[in-house]
Each structure stands twice: as C-alpha cells, then as structure tokens.
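Enquirer:
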Amino acid sequence: MKIISFLETHFGLFFLSAILLALIFPNWGQALSFLIIPSLIIIIFGSFLKINTAHIWKHLKNPLLLIYLLGFYLIIIPAVLFFVTSVFWPSLALGVLLLSALPPGVATPGFTNILKGNISLSLLLTVIGHIFAPFTMVFLFYFLTPITINLDLLGIFKNLILIILVPFLIAQGFKKITPEISSKIANYTSAITVLLVGFLLYIIISPQTSLILQNPLIIIKNLCLLYGIFTLNHLIGYFLPFWRPSQDKIASSIAKTYGNNSLGIVLAAKFFTPEITLFLILSEIPFGTMLAPFKWALENLQKHEIKAEK
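Residues are numbered in the working numbering as their position in the sequence shown, beginning at 1, plus a constant of 26.
Next up, the structure:
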C-alpha cells in the first residue's frame, strides 16, 4: 500500500525518472514499442472500471458543454496560438498549430483519474475529439497555411475502436460479472496508470534520444516555448467551464493540455521540417512533467477557495 500511495502522490517524480532513463539508457525503447497500444488499452480499461455509464449518457443528452469545449480546443485556441506565435516565433508557428490542434490524448482519462477529475467527461472529450479532429485539423491548415495534410481517417477510427471501445465493452462486462473484484481493482487503477504512463514515456522518448541530445541550445529554447504552451493550455482548459464543478474543470484542463502527441509526431515527420518534428518530439517532456505542477496548483487553489468560503 505504501508503494501505491507513493506512486499516486509522487507521480511527477516517477514520470521525470522515466524521461531521464530514456535519455540515459535508450536502447530498450525501440524493442518495446509493440507494447504501446496494449499499455494504452490497460490504462483505458482501468479508467472505465471507475466510470458510471449513467454519467456518460448524462453528458451525451446535454451536448452543449462538449460542443463548447471542443470548439475551443480544436479550432479557436489553435488558431489564436498560431497567430500569436507567428509574430514572436515564426519558425515554430506551424509546430504550435499542429500541437494545439491535436485531439485529447488517449491517456487523458488516466490522467484525470490520477487527479480525481470527471473521468466520464474526459473520456467523451477524447472520443469525440478524435472523431472531429481529422476534419478540424485539415480545415485549420487549409485556411491558415499553405500545407495540405492527408490524414488516414480509417486508421484513426480503427485505433479508436481498439483502444477505447474494446476496453469499454470488456470493463462493462467485467463489472457486471465480478462487481466485487472490479471494485477492488478500481482502487489501484491510479497507481497502475502512473506505472504505465512512465513506461510509455520511456518507450516514446528513447528512440529520439540522439536527436534530442545533439541540439542542446535548440532544445532549451523549444522547451521554454512548450512549457509556456502547456501552462497556458492548463489555465485556459481549467477556466473555460468556469461555471462547472472542480471535477469538470480538471477534466477540461487535462483534455486540452495533453493531446495525442504520437499523432502529432507522425504528422510532423511526414509533412513538416525536421525543426517542427523535433518540436513535437520534445512536447513529450512537458507531457510527462506538467501534471505534478498542475496537481500542486490545484491543491493550493482549493485551499484558497476553502479560506474564501470561511
């Protein structure tokens, strides 16, 4: 139990250790890449064990919140960040647009689970975001840039079914057949998510180690911009649903901040310059380290709100 408590409390330290291991001992990453999808499936399965399906239907019956949030996530925020970056950092404006236009990452429900947010809302934002993102991304690049992006829509939907729908069905059946066991496993899902996300960070970053270490000055500049974007996304995502309870705000903040970076890296490598590709690869570092500062900020914000109520 002490190990589980440590992982849930100090997950940021664990994620940082995974990134450092990838940079120092990268040899195993490529060989373990076949475990990426199974790891994501387990993370999503664990999240589904803690979800009440009635909450999912509740959000679907009142879709205005989903439309409002995804409209900002997938169109308005990417466009604004692109124009701002074009003024101050034009060489990376396309990278910022690509990063900001990505749908919420598949690990988003797992991250929301760690911070006790609304997992049902997080899951719906992820699923619906992946359905609409291929179209919104093409729309943004068509109207804002000279670049044409051809997305494998069928491949994206196949991955959605494998990574989200299959674990959902298995989890629902598991909860009906063995409710007591499901309840016990659900208590450990946060710690399991921490372990698997750390494992994924190692696998994803380690093949890019040589590219990262060869450009130290560029790395520092890019990371400064990336941490600024992640911080801004956290703030915007949290306060967008300003009238909603804190659990919804947490889900919204995480969904906007932690996008499908793997999709972004693939697109960058296919359609953009090496500089943009490196920028997307480096986004994995704040991806693995920003959740802990966000947790700290949440705890302090909640303390302030409690004092204000008194």
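Don't be surprised by glycine CBs; every beta carbon is placed ideally from N, CA and C.
If I measure Cβ to Cβ from I67 and keep anything under 8 Å in the same chain, skipping five residues before and after, which residues do I get?
Expert: L188, I189, V192 and P193, listed in sequence order.
Enquirer: Determine the closest residue to L42 out of G224, A127, I291 and F298, with distance taken between C-alpha atoms.
Expert: It is G224.
Enquirer: At 4 residues or longer, and completely inside the region 121-154: list those alpha helix (DSSP H) runs for me, N to C.
Expert: Segments of the alpha helix (DSSP H) lying fully in the region 121-154: 134-140.
Enquirer: Counting only runs that start and end within the region 155-212, where is the alpha helix (DSSP H) found for 4 or more residues in a row?
Expert: DSSP runs (the alpha helix (DSSP H)) wholly in the region 155-212: 179-186, 192-203 and 205-212.
Enquirer: Count the other C-beta atoms from every protein chain shown that fall within 10 angstroms of the C-beta of P205, then say buried if there are 16 or more, exposed otherwise.
Expert: By the 10 Å Cβ count, P205 comes out exposed.
Enquirer: Helix, strand or coil for G285, going by three-state DSSP, please let me know.
Expert: G285: strand per DSSP, three-state reduction.
Enquirer: Can you list, in chain order, the residues of its chain whose CB lies under 6 Å from that of H260, leaving out five sequence neighbours each side?
Expert: Excluding residues within five positions, the ones whose Cβ falls inside 6 Å are S279, T283 and F320.
Enquirer: Quick one: what does DSSP say L47 is sitting in, helix, strand or coil?
Expert: Residue state, collapsed to three classes: helix.
Enquirer: Alpha carbon to alpha carbon, how far is F71 from A217? Give it in angstroms, no decimals.
Expert: Cα to Cα, A217 sits roughly 14 Å from F71.
Enquirer: What first and last residue would you give for the alpha helix (DSSP H) that runs through K236?
Expert: Residue 236 is actually Ser in this sequence, not Lys. T235 to L239 is the extent of the alpha helix (DSSP H) around S236.
Enquirer: How long is the line joining the alpha carbons of L170 and F108, rounded to whole angstroms?
Expert: Distance between the alpha carbons of L170 and F108 is about 9 Å.
Enquirer: Would you be able to state if there are at least three C-beta pairs under 8 Å between the region 260-269 and the region 90-107?
Expert: These segments touch.
Enquirer: Taking the alpha-carbon of S272 as reference, which of T299, A323, P300 and E310 has the nearest alpha-carbon?
Expert: Nearest C-alpha to S272: A323.
Enquirer: I45 to F51, Cα distance in whole Å?
Expert: Straight-line Cα distance between these residues: approximately 10 Å.
Enquirer: Taking the alpha-carbon positions, what's the T303 to I207 distance?
Expert: Approximately 44 Å between the Cα atoms of the pair.
Enquirer: Give a yes or no on whether the C-beta atoms belonging to I229 and L49 are separated by under 7 Å.
Expert: The answer is no: Cβ separation not under 7 Å.
Enquirer: With a Cβ-Cβ cutoff of 7 Å, do F40 and V220 count as a contact?
Expert: Their beta carbons are under 7 Å apart, which means F40 touches V220 by this criterion.
Enquirer: Please go through the region 265-324 and give each complete alpha helix (DSSP H) segment of 4 or more residues, from N-terminal end onward.
Expert: Listed in chain order, the complete alpha helix (DSSP H) runs (minimum 4 residues) inside the region 265-324 are 272-283, 287-297, 300-308 and 310-315.
Enquirer: Buried or exposed: which applies to A119, given that a residue is buried once 16 or more other Cβ atoms fall within 10 Å of its Cβ?
Expert: Its Cβ being crowded by 16 or more others within 10 Å, A119 is buried.
Enquirer: What residue does the alpha helix (DSSP H) around L66 start on, and which one ends it?
Expert: Start and end: I62 to L75.
Enquirer: Under a three-way DSSP split, which group does G55 fall into?
Expert: Three-state result, G55: coil.
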